[in-house]
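Chemist:
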Amino acid sequence: MSRILEVRDLVTKFYTLDGTVNAVNGVSFDLDQGETLAIVGESGSGKSVTMMSILGLIPTPPGKVEGGEARFSSKKGTHDLLQMSAQDLRDVRGGQIGFVFQDPISTLNPILTIGEQISETLTRHMGLSKGQARARTIQLLTSVGIPDPELRFKAYPFQFSGGMRQRVVIAIAIACAPQIVIADEPTTALDVTIQAQIVDLFKRLRQDLEVAIIWITHDLGVVAGIADRVLVMYGGRPAEISPVTDLYENPQHPYTLGLLGALPRLDTRESRRLTSIRGTPPDLLIPLQHCPFAWRCDYAFDHCWEAIPPLLTVGEGHQVACFYDLKEGGPRDV
Amino acid sequence: MQRYFLSKVGQSILLLLGVLVLVFFLLRLTGDPASLMMSREATPEQIAAFREAMGFNRPLIVQFWDFATKAIVGDFGDSLHYRTPALPLVLERLPATVQLAGTALLIAVIIGIPIGLVGGFNPGSLIDSVGRLVALLGQSIPNFWLALILILVFAVGLGWLPSFGRDAPTSVILPAFVLGLPTLGQLVRLTRSAVLEIRGEDFIRTAHSKGLQPRVIYAKHVLRNVAIPLISVIGIQFGYMLGGSIIIESIFAWPGIGQLLEQAIGWRDFPLVLAIAVFTSLAVLFINLLTDAAYAVVDPRIRYGH
Amino acid sequence: MATREMIPRADSMLDVERTLRDRLAYVGRLLWRDRSGVIGVLMFLTVVFAAVFAPLIAPYDPLEQNLRDAKMPPAWYAEGSWEHILGTDNLGRDLLSRVIYGARVSLTVGFFGVLIASTLGLVFGAVAGYLGGRVDAVIMSVVNLILSLPYLLVVVVIAAVLGRSLLNVILIFGITDTPIFARVTRGEVLRIRQSGYVESAISAGAGTVRIIFDHIVPNLIGPLITLATFEMSAMIFYEAGLGFLGLSVPPSVPSWGNMLAAGRKYLTSYPWLSTWPGLAIMWTSLSMNLLGDWLRDVLDPRLRRARK
Chain A
842 MSRILEVRDL VTKFYTLDGT VNAVNGVSFD LDQGETLAIV GESGSGKSVT
892 MMSILGLIPT PPGKVEGGEA RFSSKKGTHD LLQMSAQDLR DVRGGQIGFV
942 FQDPISTLNP ILTIGEQISE TLTRHMGLSK GQARARTIQL LTSVGIPDPE
992 LRFKAYPFQF SGGMRQRVVI AIAIACAPQI VIADEPTTAL DVTIQAQIVD
1042 LFKRLRQDLE VAIIWITHDL GVVAGIADRV LVMYGGRPAE ISPVTDLYEN
1092 PQHPYTLGLL GALPRLDTRE SRRLTSIRGT PPDLLIPLQH CPFAWRCDYA
1142 FDHCWEAIPP LLTVGEGHQV ACFYDLKEGG PRDV
Chain B
133 MQRYFLSKVG QSILLLLGVL VLVFFLLRLT GDPASLMMSR EATPEQIAAF
183 REAMGFNRPL IVQFWDFATK AIVGDFGDSL HYRTPALPLV LERLPATVQL
233 AGTALLIAVI IGIPIGLVGG FNPGSLIDSV GRLVALLGQS IPNFWLALIL
283 ILVFAVGLGW LPSFGRDAPT SVILPAFVLG LPTLGQLVRL TRSAVLEIRG
333 EDFIRTAHSK GLQPRVIYAK HVLRNVAIPL ISVIGIQFGY MLGGSIIIES
383 IFAWPGIGQL LEQAIGWRDF PLVLAIAVFT SLAVLFINLL TDAAYAVVDP
433 RIRYGH
Chain C
2 MATREMIPRA DSMLDVERTL RDRLAYVGRL LWRDRSGVIG VLMFLTVVFA
52 AVFAPLIAPY DPLEQNLRDA KMPPAWYAEG SWEHILGTDN LGRDLLSRVI
102 YGARVSLTVG FFGVLIASTL GLVFGAVAGY LGGRVDAVIM SVVNLILSLP
152 YLLVVVVIAA VLGRSLLNVI LIFGITDTPI FARVTRGEVL RIRQSGYVES
202 AISAGAGTVR IIFDHIVPNL IGPLITLATF EMSAMIFYEA GLGFLGLSVP
252 PSVPSWGNML AAGRKYLTSY PWLSTWPGLA IMWTSLSMNL LGDWLRDVLD
302 PRLRRARK
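Protein chains in written order, with the numbering used here: chain A, 842 to 1175; chain B, 133 to 438; chain C, 2 to 309.
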């Protein structure tokens, strides 16, 4: 499997009236063709901003990518997305990298038909005529599971239910057969039963199109069902990167442990209390010289306050940014 | 769509009825419409005779029925001053007022909306700040006062533009500008805030994520949504200009319906006043209906009754 | 491993020394950020001051005629004098004094007009919004009827019928402006009703009165105060318009509209009679628009969070 995305040391800041928000502080990860990477974190962890920064979707008056590179490999060769011209980046967006956002009612233009909103991507990136685009759109609607696609072509977003709207958004994302689909909290705004349907839809499309998926969420429950690897973020930094089963069986970061403890599970025998992580998310206005999780961590010791923990390899494809060794029960020997 | 339209027409008919009721009772607010209409020197006998002749002694219901049925066919009685039917006098003046209000609206739209657009797409820029200042002043300056100042400057001082009447092709410029200025200010602010609000919407982020060209995003996604609130405002303002032109027409001696109203009030010619009030209200209701129709064309959510 | 007892470093958000200078700077930043609102308030206060203290600060009795000194230009002209800084009108009355006293008429009309309109509008709108159904339909048809007509037309025709007096003007504005308050109130009441506050309050056992005062009224205050400010500005404007047409207060009473009406006759020969009241109206209008904009930003609970 070839590597299609390599992100190294991404740094993004927002310069606001209240101060500088350090949203992303040195994130690195890889993505292989066809694999599904989940980026997990709470609000403010930087998970969305990371992907938005890479594709030039953050508002640039307050926001700015201050460093790092994001090498994307497509049929056109390998280029650093952060160095691309605006026009080239626009070709990538929608054409080679598709997006699915969280809330389908606000994500779709209320006064354009959904057929129009899908077709415009096709005309833009694949040079199709209106008639060709319409035909292809109807095919897409069928493939995402929308019945009566010819009729629905002329329908407006408000005439659909939440789950159907999200299918439309997914159709837009995969319309031009992209290599990567970035899904930012795609099921958070939906009912639980619909969530499951949408996850199934993603799995089916993944198989049919061999597309890589970056699935951004705060919900570790959904991740187990769809991800190959997981990147856990905290305070704008990576906390842990791991293949999915290893993460659940062998979590190495105290934050991950906390997240897993807060998950309700049907498979435990005895009754178990849900644990929550004490404290609140870090204030990103303050640039930190130590581990961002130290305040809330049950295992933090003096070194945690002195330096920022780098990503250390602890297993096959498994890295963690923590000075404490959960398995051994003491500071890690580095 | 038909249901929406039919319900709007139905509402308008009810509104028209409401206008007739209001106007009818307005005349009788002071108790005795006859003494209202006669001059102050009239003797009680003259007033009584007048009252009898105008039928004010009949039961109210009868009077209202008479009034309403006649009003619907356009019969408002004779003007007391001119002694000819009232409505044709109003209609005669209509083109002048339409020209004035239409030009005023044109000025407001052609100047106001572009400035608002620039402000919305470049907030904080020089044009934006200047535009907003002009808008604020435009809405704060009493337009009758501005009219006097502009007459002093442009007509009397510089002699570029005529200050009264409708004779020259340039006559309409000053009065239309003054009449349209508050609307201009409102359009600048409304357009600007609509653009800013729409630009921050999630579906614009989606449009960017599709890699669409900026031109397409602005024209197709932003502007079409901005048009929605603008249509409402433009329609309403046009109605206000038609009905509220009395002061401007008075200052500029513009021979329209507003000037006629002022004269009629001075003559205490209430049949004429009523004719003007009802006719103008009708015209405004009609414009509101057209605005509702335009609104439904642009916003599909309205069409489908969402 | 005792980290809980460790003192957070300087990069923690907890203890920052706030000196007096810091506090003043903070207040200064707030005022600068809202400087247009502050300017509006100050401007408005000058008008209020003029109206309230008119007898004390006006140099002359506004009704005092002095035909010998009629139509004097302002003091900086050769024919003017510092006795009458802004000049005199066609009957020799001091313009500065008349402008100052004119503030009384304008503010009285504006204040009481808005008081009547907001009270009636609040009642009708709240009843319509809370009860719904037929009551709502009836009230809103009347509201929509009045709102769909051009305001100036309505006001002029009613004033023509009723005659010139301060009370008539106040009543006219108060009643014709009620619909807009009613509509806004109803909108807010509906929004609150649908937002679930009321449902949860009812299920928690709160009585109707309690619901009204704890939930509905606080949400109404913001939009209504903002609306009141704009409507008062409009009323001052329309009073001047009525005065200009000779339909407002009786001609001897010093009102800005009356002054404009008188000045019209002498526009080319003596423009000062029109200039000062016009400027006064503009000053007041501008101040209230700035004030209203600022109030709207400050009182909107949704925007309040964003302002931080």
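No residue lacks a Cβ here, since even glycine has one placed at the ideal position from N, Cα and C. All figures in this text were calculated on a predicted structure; none of them were measured in a lab.
#1: How long is the line joining the alpha carbons of residue 85(C) and residue 260(C), rounded to whole angstroms?
#2: With a threshold of 8 Å, are at least 3 pairs of Cβ atoms found where one atom belongs to the stretch 1014-1024 of chain A and the other to the stretch 988-999 of chain A?
#3: Mind listing the chain B neighbours of residue 1173(A)? Cutoff is C-beta to C-beta under 7 Å, in chain order.
#4: Contact between the stretch 226-244 of chain B and the stretch 300-314 of chain B is defined here as three or more beta-carbon pairs at a separation below 8 Å; is this criterion met?
#5: Runs of 3 residues minimum, wholly inside the stretch 1090-1171 of chain A: which ones carry the beta strand (DSSP E) assignment?
#6: Quickly, what does DSSP pair residue 867(A) with across the bridge? List them, please.
#7: Cβ of residue 422(B) within 7 Å of Cβ of residue 365(B)?
#8: What residues match up with residue 1078(A) in a beta bridge as DSSP calls it?
#9: So, are the CB atoms of residue 407(B) and residue 218(B) less than 7 Å apart?
#10: Using the beta-carbon of each residue, which ones in chain C are nearer than 8 Å to residue 372(B)?
#11: For the alpha helix (DSSP H) holding residue 978(A), just list the boundary residues, first then last.
#12: Any beta carbon of chain E sitting closer than 7 Å to that of residue 158(B)?
#13: Note down the Cα distance separating residue 1142(A) from residue 923(A), rounded to an integer number of angstroms.
#14: Regarding residue 244(B) and the ligand COA, is the C-beta to nearest heavy atom distance less than 6 Å?
#15: Enumerate, from N- to C-terminal direction, the unbroken alpha helix (DSSP H) stretches of 4 or more residues contained entirely within the stretch 36-78 of chain C.
#16: Roughly how many whole angstroms lie between the Cα atoms of residue 271(B) and residue 881(A)?
#17: Confirm, please, whether the CB-CB distance from residue 255(C) to residue 99(C) is below 7 Å.
#18: For a contact meaning CB atoms closer than 8 Å, what does residue 395(B) contact in chain C?
#19: Taking 7 Å as the threshold (C-beta atoms), are residue 1126(A) and residue 860(A) in contact?
#20: So which residues of chain A does residue 345(B) contact, with C-beta pairs closer than 9 Å?
#21: Compile a chain-ordered list of the residues in the stretch 332-357 of chain B whose CB is closer than 8 Å to at least one CB of chain A.
#22: Please report how far the alpha carbon of residue 37(C) lies from the alpha carbon of residue 991(A), in whole angstroms.
#23: Using three-state DSSP, classify residue 901(A) as helix, strand or coil.
#24: What is the DSSP secondary structure of residue 401(B), counted as helix, strand or coil?
#25: For residue 22(C), does the three-state DSSP call read helix, strand or coil?
#26: Name, in chain order, the residues that DSSP records as bridge partners for residue 196(B).
#27: My output table needs one value for residue 1026(A): the three-state DSSP class, helix, strand or coil.
#28: Can you tell me whether residue 33(C) is buried or exposed? The criterion is at least 16 other CB atoms within 10 Å of its CB, across all chains shown.
#29: Indicate the three-state DSSP secondary structure (helix, strand or coil) for residue 1059(A) in the structure shown.
#30: At least one CB of chain C closer than 7 Å to the CB of residue 274(B): is that the case?
#31: Tell me the DSSP bridge mates of residue 370(B)?
#32: If you check the beta carbons only, do residue 151(C) and residue 372(B) fall under 7 Å apart?
#33: Our contact map puts residue 82(C) next to residue 240(C) with C-beta atoms below 8 Å; I'd like the distance itself, whole angstroms only.
#34: Would you verify that the beta carbon of residue 122(C) is, or is not, closer than 7 Å to some beta carbon of chain B?
#35: Assuming the contact rule is C-beta atoms closer than 8 Å, residue 178(C) and residue 118(C) should be a hit. Round their C-beta distance to whole Å, please.
#36: Less than 7 Å separating the beta-carbons of residue 852(A) and residue 897(A)?
Modeler: With the structure as the only source:
#1: Approximately 16 Å between the Cα atoms of the pair.
#2: no
#3: Here the premise fails: no neighbours, minimum Cβ distance about 40 Å.
#4: yes
#5: As far as the stretch 1090-1171 of chain A is concerned, its whole beta strand (DSSP E) runs of at least 3 residues are 1153-1156, 1159-1161.
#6: Looking at the DSSP assignment, residue 867(A) forms no beta bridge with any residue, so it has no partner.
#7: no
#8: 1075(A)
#9: Cβ atoms of residue 407(B) and residue 218(B): closer than 7 Å.
#10: 151, 152, 153
#11: 971-984
#12: No chain E is present in this structure, whose protein chains are A, B and C.
#13: 37 Å
#14: Annotation note on the ligand COA: not contained in the displayed structure, which lists no ligands.
#15: 36-53, 55-58
#16: 51 Å
#17: yes
#18: Proximity of chain C to residue 395(B) at the Cβ level (cut-off 8 Å) is not reached, the minimal Cβ distance being about 11 Å.
#19: Yes, the pair counts as a contact, with Cβ atoms nearer than the cut-off.
#20: 928, 931, 965
#21: 333, 334, 335, 337, 338, 339, 340, 341, 342, 343, 344, 345, 348, 352, 353, 356, 357
#22: 54 Å
#23: coil
#24: coil
#25: In this structure, DSSP gives residue 22(C) a helical state, which the three-state scheme calls helix.
#26: Looking at the DSSP assignment, residue 196(B) forms no beta bridge with any residue, so it has no partner.
#27: coil
#28: exposed
#29: coil
#30: yes
#31: Residue 370(B) is not bridged to any residue.
#32: yes
#33: 31 Å between Cβ atoms; not a contact.
#34: no
#35: 4 Å
#36: no
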